[in-house]
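Residue numbers (my numbering), protein chains in the order written: chain A, 78 to 469; chain B, 516 to 653. Idealized CB from N, CA, C, for every residue including glycine.
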Amino acid sequence: MHLTAEEEKIYDGEQGWAYQTALKILVKLGDLFNAEKLIPIESSHVSGVSYKTLADAPIEFLEALAQTGAKAKIASTVNPSGLDYEGIMWSFLPRHVKEKQEKIVDLYKKMGIKPVLTCTPYYVSKPKQGSHLAWAESSAVVYANSVLGSWTNREGGPSALASALIGKTPNYGLHKSENRKPNVRIRVETELKSEAEYGALGIFLGKNLVDKTPVIEGLRYPRETDLKQLGAALASSGMTSVFYPCRRCPKKAEKLEKLAVDEQSLKKAFEDLSTCSGEPDMVFVGCPHCSLNEVRHVARLVQGRKVKENVRFWVCTSRHVKAKAAWHVQKIEAAGGKVVSDLCAVVTWLRELGVDTLMTSSAKTAFYAPTMNKVDVRFATLKQCVETACHR
Amino acid sequence: MDLELKGRPLVSGIKRGTALVSKKPLSFLGGVDPETGLVTEKGHDLFGKSVKDVVLCFPHGHGSTVGSYVLYSLAKKNVGPKAIVNETADPVVVVGAVIADVPMVDKIDISQIETGDTVEVDGGKGTVKIVERKKDCT
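Structure below.
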């Protein structure tokens, strides 16, 4: 890989161990994937925050980096943690767990990474169309590539962190136009009526496509939230990182290998995401974190209703969106729900909260929660979720 | 003469040690105990074995990218492998080897190496030399 004179100096350690190690990570990855050089990026989004999923694994390395005083060179954000900032989780966890979680977040902060703990950083600051990024949250990667028209590979926690410190990423994979072309044509032969159905489609496609790039035709008027659910699910069951939704297939894609999705396969994919049909003790909306529109929508659905006493109704979003949605947050909380920030249900301690059965409209959550949280899952539309959470 | 396998250089450094060979992909996060270096992944052919001071040979890594940090922790606690040999390297293990400063080579036919062989890995040249075959117990 070709390095500039300045990069050579960093590689040789002139700016210290942290930057040298960060650059080495990028160069080795570049070598592995035949990148010819590093390219500047607009922002980085780092995964590897939740103490629930990671335990002590990242702490030593992050500490060593932070001690040197190394700082991010570009706008950088991190994924949700296992704790919310209002302290809902605190009383359910031993003190050392809380301290370790706070420590991880502090170490990122020390390195100049904004403690914006969300999986939807694009609602906080939207990247420019055509910009290059180094993002690590798989749902945000698909969203950036497919909805925003930005260019990013599916980074891991360490490589996104290295990119934050250097401000660059190796030029390979989805940073090159030839690797972004669709190579399979999906025809959806049934009308999708809810964001949950888009999620089920994503799970089905992820399993079948593995890492192919699809043109998806037959989607009539997908809303932003539908595409977000589709992408998040696609990246959960497979490795696809970009998709192209369209009403009619573009001419260029007509000759591609075809795959049809009929009503029956979609129905099966939807049903397979539930592990039970029992009463939930938690109803969770906001995976990926809600947009302002979604919070508003939930507020409308719960307005004038009351959440059942034995059910936790959580709506997860970033602090940023929560602040903007104050009016809607009030309505949701007046109904007995909770708008929770900095946290994601899948990466927090659901069992310690006493959750056995989780109901959600997120296909990604339904896909992960049975194994990551050891809970039963009921997968349903947002409307059904609200109906179940509230008194009649 | 020693048998020398030629692969791709990934992380430089020369280390000699006893080979521990697996036929299965390995996940460092959740698969290896960062305190002790013991393989904890159930059903893995290395289950219960220690990666401490061995030349660890396995096809490739899998699982969470945070697995790289586990390799760093292992190295800091002196319970990590001396060197890593893969068939096809993946980003998780390569990044782990870089930050832990563990010599690493890939594109090696690891079926040529047996657990117990003494091997020398040259991460800069991309070679694995089999210095001595495992001694027979008979």
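For a contact meaning CB atoms closer than 8 Å, what does residue i contact in chain B?
i: A:Lys245; result: Under the 8 Å cutoff, chain B gives no residues; its nearest Cβ is about 16 Å from A:Lys245.
i: A:Asp133; result: Pro549, Ser588
i: A:Ser236; result: Thr580, Pro606, Val610
i: A:Gly125; result: Thr580, Val581, Tyr584
State the DSSP-derived secondary structure class of residue i, mapped to helix, strand or coil.
i: B:Glu519; result: strand
i: B:Glu635; result: strand
i: A:Glu464; result: helix
i: A:Ser395; result: coil
i: A:Lys332; result: coil
i: A:Met166; result: coil
i: A:Asp108; result: helix
i: A:Trp171; result: Rather than Trp, the amino acid found at residue 171 of chain A in this sequence is Pro. Here A:Pro171 sits in coil by DSSP.
i: A:Ala130; result: The displayed chain sequence assigns Thr, not Ala, to residue 130 of chain A. Helix at A:Thr130.
i: B:Thr653; result: Confidence is the limiting factor: at B:Thr653 the pLDDT is only 49, short of 50, which leaves the residue's position unreliable and the question unanswerable from this model.
i: A:His79; result: coil
i: A:Lys385; result: coil
i: A:Met359; result: strand
i: A:Glu274; result: helix
i: A:Asp453; result: strand
i: A:Ala217; result: helix
i: A:Ala211; result: strand
i: A:Gly279; result: helix
i: B:Ile529; result: strand
i: A:Ser102; result: The displayed chain sequence assigns Ile, not Ser, to residue 102 of chain A. Of the three classes helix, strand and coil, the one that applies to A:Ile102 here is helix, per DSSP.
i: B:His575; result: coil
i: B:Leu465; result: The structure shown does not extend to residue 465 of chain B, since chain B spans only 516 to 653, so no value can be given for it.
i: B:Leu541; result: strand
i: B:Val607; result: helix
i: B:Lys644; result: strand
i: A:Asp183; result: helix
i: A:Lys177; result: helix
i: A:Ala446; result: helix
i: A:Lys415; result: strand
i: B:Val600; result: strand
i: A:Ala147; result: coil
i: A:Ala543; result: Any question about residue 543 of chain A goes unanswered here, given that chain A covers just 78 to 469.
i: A:Arg262; result: strand
i: A:Ser498; result: Missing from the structure shown is residue 498 of chain A; chain A here goes from 78 to 469 and no further.
i: B:Phe583; result: Sequence check: residue 583 of chain B is Ser here, not Phe. Helix.
i: A:Gly93; result: coil
i: A:Val193; result: coil
i: A:Ser368; result: coil
So with CB distances below 8 Å, who are the chain A contacts of residue i?
i: B:Val613; result: Thr98, Lys101, Ile102, Lys105
i: B:Val608; result: What B:Val608 touches in chain A: nothing, since even the nearest Cβ is about 10 Å away.
i: B:Leu544; result: Leu131, Ala134
I want to verify the contact list: residues of chain B whose CB lies under 7 Å from the CB of residue i, in sequence order.
i: A:Phe138; result: Tyr584, Tyr587, Ile614
i: A:Gly146; result: Simply none; closest approach about 18 Å.
Strictly below 9 Å CB to CB, what residues from chain B border residue i?
i: A:Pro157; result: The contacting residues do not exist; A:Pro157 stays about 15 Å from chain B at best.
i: A:Gly233; result: Ser579, Thr580, Val581, Gly582, Ser583, Pro606, Val607, Val610
Could you name the residues of chain A that residue i contacts, counting a contact when the two beta carbons are closer than 7 Å?
i: B:Leu525; result: Lys105
Looking at residue i and the ligand MN, is the gap between the Cβ and the nearest heavy atom below 8 Å?
i: A:Leu109; result: No copy of the ligand MN occurs in the structure displayed, which carries no ligand at all.
Could you list the residues in the segment 572-606 of chain B with a C-beta less than 7 Å from some C-beta on chain A, going in chain order?
-> Thr580, Val581, Ser583, Tyr584, Val585, Tyr587, Ser588, Lys591, Ala604, Pro606
Any chance the segment 233-252 of chain A sits against the segment 265-278 of chain A, with 3 or more Cβ pairs inside 8 Å?
-> no
Quick check: the segment 424-432 of chain A against the segment 399-414 of chain A, are there 3 or more CB pairs under 8 Å?
-> no
Complete beta strand (DSSP E) runs within the segment 222-258 of chain A (minimum length 3 residues, chain order) = 228-231, 245-247
Validate contact between the segment 110-123 of chain A and the segment 201-216 of chain A using beta carbons, cut 8 Å, 3 pairs = yes
Going along the segment 106-119 of chain A in order, which residues come within less than 9 Å of chain B, judged by CB to CB distance?
-> Leu106, Asp108, Leu109, Phe110
Count the CB pairs spanning the segment 521-537 of chain B and the segment 383-392 of chain A that are closer than 8 Å, and state whether there are at least three.
-> no
Which ranges would you report for the beta strand (DSSP E) in the segment 286-350 of chain A if only whole runs of at least 3 residues count?
-> 291-294, 321-323, 335-338
Is there contact between the segment 99-119 of chain A and the segment 195-211 of chain A, where contact requires at least three CB pairs shorter than 8 Å?
-> yes
Hey, is the segment 344-362 of chain A in contact with the segment 250-258 of chain A, meaning 3+ C-beta pairs nearer than 8 Å?
-> no
Taking three-plus beta-carbon pairs below 8 Å as touching, is the segment 549-557 of chain B in contact with the segment 102-110 of chain A?
-> no
Please determine if the segment 156-163 of chain A and the segment 444-457 of chain A are in contact, where contact requires at least 3 C-beta pairs separated by less than 8 Å.
-> no
Report yes or no: do three or more beta-carbon pairs, one from the segment 217-224 of chain A and one from the segment 301-310 of chain A, lie closer than 8 Å?
-> yes
Can you find at least 3 beta carbon pairs, one from the segment 142-153 of chain A and one from the segment 593-612 of chain B, that sit closer than 8 Å?
-> no
Counting Cβ pairs, one atom from each stretch, are 3 or more of them under 8 Å apart for the segment 124-137 of chain A and the segment 177-191 of chain A?
-> yes
Are the segment 539-552 of chain B and the segment 570-586 of chain B in contact at 8 Å, needing three or more beta carbon pairs?
-> yes
The segment 431-451 of chain A / the segment 409-418 of chain A touching (three or more Cβ pairs under 8 Å) | no
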